[in-house]
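In our numbering, the protein residues as written are 35 to 316. Backbone N, C-alpha and C fix where the C-beta goes; we use that ideal spot for every residue, glycine too. Please read these numbers as outputs of a predicted model, since none were measured by experiment. Structure first, then comments.
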Ligand code: PAF
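Below, the structure written as structure tokens:
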């Protein structure tokens with residue numbers, strides 16, 4: 035595996051592959067890799083000749099008081115995992131390499147509306163930071179395919195919309211969420227949970243499944259279902275930011291006629307903010 039930290043060397047390597055007619059897949063990550071990331075890499079491996087993985091803790095997607103400085107950075111361990119997963123190139127730039135104009139006054143990508151609801155309402159500027167860094171990676175690598183996890187469902191839709199509206203010729207591929215045996219979605223932030231919180235954490239996914247079951251058995255008062263789930267989570271020690279039943283294609287409010295639904299939840303458990311979702315058809 036090659037490791038590059040400058041855009042110049044990244045580009046020259048990728049260009050050689052492209053000139054040889056090879057297809058390139060990109061997997062953007064913030065590192066501290068787990069089985070969820072490795073599932074993205076596996077999918078990328080299946081779909082392309084060359085796989086590029088970025089490992090970069092992107093400062094612009096963290097708000098003031100969030101965990102940018104404490105976010106786990108495990109570059110050596112990540113590199114070993116990526117070698118085993120037969121990744122061709124790991125890109126690990128410094129912040130200045132990706133943000134030459136500085137973080138405060140540089141150029142940003144905005145994906146309006148979709149970025150302002152759900153997680154965007156609780157983390158202002160988060161999706162602007164995500165869209166900007168992903169656009170930079172798309173521009174530097176110019177991949178044929180980019181692979182993202184369904185766990186960050188709103189992020190996935192923001193990136194799809196940005197890619198379509200910037201007319202980028204990149205296929206966005208979604209990979210289902212990888213879970214622990216008890217249902218907890220894998221996330222680097224799970225490491226922040228105490229033992230006691232870790233025991234309660236799977237309740238978030240259970241509440242999504244319970245709500246899905248209620249909808250499939252005919253309940254259609256979405257507002258009542260969501261508020262009941264929020265109260266149940268609250269009683270179990272969570273501080274929910276939201277619990278919402280939305281249209282799966284664009285996260286607009288669902289109606290009784292919506293066929294493709296997604297139930298999304300974000301909730302704090304102690305100092306850890308967990309997110310999860312389930313997507314299903316009626
Ligand atoms: O999902 C993530 O890990 C990040 O939001 C991403 C897409 C790598 C952008 O920093």
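- Using a cutoff of 7 Å, the CB of residue 112 does not count as near the ligand PAF, since none of the ligand's heavy atoms is closer than that.
- Remark: three or more beta-carbon pairs, one from each stretch, lie closer than 8 Å, so the stretch 173-193 and the stretch 74-88 are flagged as touching.
- The beta strand (DSSP E) runs of length 3 or more contained entirely in the stretch 180-243 are, from start to end of the chain, 205-209.
- Taken in chain order, the complete alpha helix (DSSP H) segments of 4 residues or longer contained in the stretch 70-130 are 109-118.
- In the structure shown, residue 59 adopts extended strand secondary structure according to DSSP, grouped into three states.
- Annotation for residue 284: no beta strand (DSSP E) segment contains it, and DSSP assigns it neither H nor E.
- As the crow flies, the alpha-carbon of residue 119 is around 22 Å from that of residue 50.
- A buried status is given to residue 192, since no fewer than 16 other beta-carbon atoms sit within 10 Å of its beta-carbon.
- For the ligand PAF, a non-hydrogen atom lies closer than 7 Å to the CB of residue 167.
- The stretch 266-277 and the stretch 221-241 touch, with three or more beta-carbon pairs separated by less than 8 Å.
- In the structure shown, residue 172 adopts helical secondary structure according to DSSP, grouped into three states.
- Within the same chain, 294, 295, 296, 313 come within 7 Å of residue 282 by CB-CB distance, once the 5 residues on both sides are set aside.
- Residue 258 is not bridged by DSSP to any residue.
- The count of Cβ pairs closer than 8 Å, one atom from the stretch 92-109 and one from the stretch 240-247, stays below three, leaving the stretches out of contact.
- According to the DSSP secondary-structure assignment, residue 276 is paired through a beta bridge with 300.
- Residue 217 and residue 46 have their alpha carbons spaced roughly 42 Å apart.
- Residue 123 is not a Cβ neighbour of residue 67, given a cutoff of 8 Å.
- By alpha-carbon distance to residue 167, the top candidate from 207, 89, 208 is 89.
- Distance from the CA of residue 97 to the CA of residue 52, rounded to the nearest whole angstrom, comes to 37 Å.
- Ranked by Cα distance from residue 107, the options 225, 85, 72 are led by 225.
- Residue 316 holds the alpha-carbon nearest to the alpha-carbon of residue 289 among 200, 316, 171, 152.
- For residue 316, no beta strand (DSSP E) run applies, since DSSP gives it neither H nor E.
- DSSP, reduced to helix, strand and coil, places residue 266 within a helical segment of the structure shown.
- Rounded to the nearest angstrom, the gap between the Cα atoms of residue 203 and residue 196 is 12 Å.
- A distance below 7 Å between beta-carbons, with the five flanking residues on each side excluded, links residue 163 to the following residues of its chain, in chain order: 92, 94, 95.
- Where residue 46 is concerned, the enclosing alpha helix (DSSP H) starts and stops at 41-53.
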